[in-house]
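Read top to bottom, the protein sequences are chains R and U.
Going letter by letter, the first sequence gives residues 882 to 1056 in the numbering used here.
Going letter by letter, the second sequence gives residues 514 to 925 in the numbering used here.
Just so you know, even glycine gets a beta-carbon here, dropped at the ideal spot from N, CA and C.
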Amino acid sequence: MKAQEVLAGLKKEFGAAIRDATIQKNENNMKKKTVAERIWFHIGRKQLHDAVAYLCKKYPDPHFAVCSGYDLGKEIDILYHFTVNYGVRASEITITMHVLLPKKDAVVDTITDLIPGAIISEREMQEMLGIKVKNIPDGRRLFLDPSFPRGVYPWRKDETGPHKLIRNVHGGDSK
Amino acid sequence: MTLEKKENSYSICVGPVHPALKEPVKLNMEIDGEKVIGVDFELSQVHRGIEWAATRRNPLQVLFLAERICGICNMCHMLSFSRAIETIGDIHAPPRAEYIRVIGAELERIHSHILWAGVAAHELGFDSLMHYTWKLRENVLDTIEYITGNRITKGLITIGGVRHDIPEKKIPRILESVNFYYSHFDKMAKVFLNDPVIKSRTRDVGILSRRDALTTCAVGPTARASGVKKDVRKDEAYAAYQDFDVEPILPDAYTGEIHGDVYDRVLVRLLEVKQSAEIIEKAVKSMPKGPIAWEEKPAVILAKLKPLVGEGIGRHEAPRGEVIHYVKLVGEESPYSWKVRAPTYNNMMPWVPMLMGEQIADIPIIAASIDPCMSCTNRAVSADKTTTMYTMDQLRRLSFLKTRELKRGLGK
Chain R
882 MKAQEVLAGL KKEFGAAIRD ATIQKNENNM KKKTVAERIW FHIGRKQLHD
932 AVAYLCKKYP DPHFAVCSGY DLGKEIDILY HFTVNYGVRA SEITITMHVL
982 LPKKDAVVDT ITDLIPGAII SEREMQEMLG IKVKNIPDGR RLFLDPSFPR
1032 GVYPWRKDET GPHKLIRNVH GGDSK
Chain U
514 MTLEKKENSY SICVGPVHPA LKEPVKLNME IDGEKVIGVD FELSQVHRGI
564 EWAATRRNPL QVLFLAERIC GICNMCHMLS FSRAIETIGD IHAPPRAEYI
614 RVIGAELERI HSHILWAGVA AHELGFDSLM HYTWKLRENV LDTIEYITGN
664 RITKGLITIG GVRHDIPEKK IPRILESVNF YYSHFDKMAK VFLNDPVIKS
714 RTRDVGILSR RDALTTCAVG PTARASGVKK DVRKDEAYAA YQDFDVEPIL
764 PDAYTGEIHG DVYDRVLVRL LEVKQSAEII EKAVKSMPKG PIAWEEKPAV
814 ILAKLKPLVG EGIGRHEAPR GEVIHYVKLV GEESPYSWKV RAPTYNNMMP
864 WVPMLMGEQI ADIPIIAASI DPCMSCTNRA VSADKTTTMY TMDQLRRLSF
914 LKTRELKRGL GK
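Structure below.
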């Protein structure tokens, strides 16, 4: 299985909903060359759930690694990292889906109905980025202490970020 | 995961500070009689904001910050971060450096797995075995110190290579260490796998089915013990792993069957110690010659990294499972975003199916069976026979002396 085929399959299924798709190659310098292929693309938040369902159907048990995310000013970019085709030598393919959420309406569907293990990442994104995961089975805080103030999101870079809470370490803003 | 109460059930809380746990995590259990009927956990009693701090530092500084994420398997974070940056910049580490990375990573796996075996013995109440296994672990720590100058925090990796070479004269000592583990493997296997008491405490306890392992996204030995063939060393065959034909170790290789219980997780880790020793032996015997870094001068590395724009993923099979780092660079001095996913993050959810229906007394060993990551950055200071207390200043002076001594030994 090649990354090219995986991406072509996804493009066929979702058409214009997949934007900015690239395949990045991570080669090593050894005599027996191996190439780790990484697929990156943007997908609309309405199609995210369908895209994950497609992955689960086409490549049974895709490994969900983690979600990462960051603040882009007016939008929040969240990334879902998956790997498929594990168990075959030097052929695992990493698939990363970017989902852009406008800050004013930062809501995304849960994928825990497809991959129950994603709950930790979804809970983390809710508290760290201040997004809302729709239909999340358990939306409590997980990483932040109950005493941590509400409305402060550690991964944000705007006024709701953690800057005011940091004192004299890591180049924090307040003294 | 919220706990449901039943008539006559009661709640107990294990952690965040509890004799059975070596690291702070809070496990809330709903108990009916002796049986666990509900599991919930609270994390992050040691959240340090390292990812945030990284957005204020340059990649070479972040490398050392990454190393301080974990006190046991720290090289995995350095390596994953380097690989993420290397992907963005299309940088290739020289073959010799990739071999040294493999040797470092496998030495780390031996020390981490043996440390865990000791903890497991302790959780079972078998403290003499704990001391025996930790005595065995000293050998690999000494070897790591011999190569890198430190027992735990190795500082071995740099972006595009490694920081310490392994000269020819050091190879016999490494092979000696490998042979040491070969010669003790049978005894360890005999005690851990055939002792009737250990067997009765671990066989069919804390079962994680293959299906549950897949749906909860388990990684590393936890997943492999349940029969999931998943090992980044094979799946991605990065660094020099392609040369060693690494196969994921499943428990049926030894017993012919897969239960997915604590016994299988002990078994997988023990067999991986042997596997790591074999990889190291092959690697030191066939190390290619050549440079050990793409660029040695830190200032030049930083100058070349600064204009980079892009995003990258670095993955590595750490002793506990897959580590994955995501890095986004935007042409500034510091990364725009950095996300670290350590294996225990994924191995928390499997706790729920493992612990359900088990006895209270088995909570410690089941909780420990995923090898939850705990920091052990403290190094022992050998005190004088008259038990002298050292002050902070004296300790610092001692560490300066030690560093100087090591530098001489490393031929710098």
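{"Asked": "Beta-carbon separation of R/E995 and R/H979 under 7 Å?", "Found": "According to the sequence displayed, residue 995 of chain R carries Leu and not Glu. No. Outside cutoff."}
{"Asked": "Flag U/C886 as yes if its beta-carbon sits less than 7 Å from any beta-carbon of chain R, otherwise no.", "Found": "no"}
{"Asked": "How would you label U/D897, buried or exposed, when you count the other beta carbons within 10 angstroms and need 16 or more for buried?", "Found": "Low local confidence applies: a pLDDT of 46 at U/D897 is under 50, so the model's placement there is unreliable, with the coordinate-based value given in what follows. With fewer than 16 other Cβ atoms within 10 Å, it is exposed."}
{"Asked": "For U/Y903, would you say it is in contact with chain R, using Cβ-to-Cβ distances shorter than 7 Å as the test?", "Found": "no"}
{"Asked": "Checking the sheet assignment: what are the DSSP bridge partners for R/E886?", "Found": "BP columns for R/E886 are empty, so no partner."}
{"Asked": "Mind the definition here: the stretch 585–603 of chain U touches the stretch 840–859 of chain U only if three or more C-beta pairs lie below 8 Å; say whether that holds.", "Found": "yes"}
{"Asked": "Between which two residues does the beta strand (DSSP E) containing R/D901 stretch?", "Found": "I899 to E908"}
{"Asked": "Give the range of the beta strand (DSSP E) segment to which U/A831 is assigned.", "Found": "V822 to A831"}
{"Asked": "Any beta carbon of chain U sitting closer than 7 Å to that of R/T915?", "Found": "yes"}
{"Asked": "Can you tell me whether DSSP reads U/Q558 as helix, strand or coil?", "Found": "coil"}
{"Asked": "May I ask which residues mark the beginning and end of the beta strand (DSSP E) holding U/G834?", "Found": "G834 to V843"}
{"Asked": "So, do the stretch 970–989 of chain R and the stretch 912–930 of chain R have three or more beta carbon pairs nearer to each other than 8 Å?", "Found": "yes"}
{"Asked": "Using a C-beta cutoff of 7 Å, does U/P608 count as contacting chain R?", "Found": "yes"}
{"Asked": "Does the beta-carbon of U/D655 have 16 or more other beta-carbons within 10 angstroms, so that it is buried, or is it exposed?", "Found": "exposed"}
{"Asked": "Assuming R/T975 contacts R/N1016 (C-beta within less than 8 Å), just tell me the rounded distance between them.", "Found": "The pair is not a contact, with the Cβ atoms about 27 Å apart (cut-off 8 Å)."}
{"Asked": "Cα-Cα, which of U/E749, U/S625 and U/V575 is closest to R/G968?", "Found": "U/E749"}
{"Asked": "Under a Cβ-count criterion, where at least 16 other Cβ atoms within 10 Å of its own Cβ denotes burial, should U/E770 be classed as buried or exposed?", "Found": "exposed"}
{"Asked": "Which one or two residues does DSSP pair with R/P948 in a beta bridge?", "Found": "It should be pointed out that residue 948 of chain R corresponds to Cys in this sequence rather than to Pro. Paired residue(s): R/Y961."}
{"Asked": "Would you kindly report the start and end of the unbroken beta strand (DSSP E) that includes R/T981?", "Found": "It should be noted that the sequence gives Leu, not Thr, for residue 981 of chain R. Looking at the DSSP string, the run of the beta strand (DSSP E) that includes R/L981 is I974 to P983."}
{"Asked": "Answer yes or no: does any C-beta atom of chain R fall closer than 7 Å to that of U/A893?", "Found": "In this prediction, U/A893 scores a pLDDT of 37, lower than 50, which makes its location untrustworthy; the coordinate-derived value is nonetheless stated afterwards. No, its Cβ sits nowhere closer than 7 Å to a Cβ of chain R."}
{"Asked": "From the DSSP secondary-structure annotation, give me the bridge partner or partners of R/V916.", "Found": "R/E908"}
{"Asked": "Which whole-angstrom value is the C-beta distance of U/R614 and U/L592, which I expect to be below 8 Å?", "Found": "6 Å"}
{"Asked": "Please state whether the Cβ-Cβ distance between U/G733 and U/P856 is less than 7 Å.", "Found": "yes"}
{"Asked": "Determine, for R/A897, whether the minimum Cβ-Cβ distance to residues of chain U falls below 7 Å.", "Found": "no"}
{"Asked": "DSSP puts R/I924 in a beta bridge; with which residues?", "Found": "R/I899"}
{"Asked": "Could you check if U/E651 is buried or exposed, using at least 16 other CB atoms within 10 Å of its CB as the buried criterion?", "Found": "exposed"}
{"Asked": "U/A806 bridges to which residues according to DSSP?", "Found": "U/G674"}
{"Asked": "What separation, rounded to the nearest whole angstrom, lies between the Cα atoms of U/R686 and U/F693?", "Found": "11 Å"}
{"Asked": "Given that U/K667 touches chain R, what residues does it touch there, using C-beta distances under 9 Å?", "Found": "Simply none; closest approach about 21 Å."}
{"Asked": "Compile a chain-ordered list of the residues in the stretch 970–999 of chain R whose CB is closer than 8 Å to at least one CB of chain U.", "Found": "R970, A971, S972, E973, T975, T977, I996, P997, G998 and A999"}
{"Asked": "So which residues of chain U does R/E908 contact, with C-beta pairs closer than 8 Å?", "Found": "H605"}
{"Asked": "Among R/K955, R/N909, R/R970 and R/Y951, which residue has its Cα nearest to the Cα of R/E1008?", "Found": "R/Y951"}
{"Asked": "When you compare each of U/S696, U/E791, U/E830 and U/M588 to U/Y751 by their alpha carbons, which one comes out closest?", "Found": "U/E830"}
{"Asked": "Note down, in chain order, every chain R residue with its Cβ under 7 Å from the Cβ of U/T600.", "Found": "Q905 and N907"}
{"Asked": "For a cutoff of 7 Å on Cβ pairs, would you count R/L953 as touching chain U?", "Found": "no"}
{"Asked": "Residues of chain U with CB under 7 Å from R/D942, in chain order?", "Found": "L727"}
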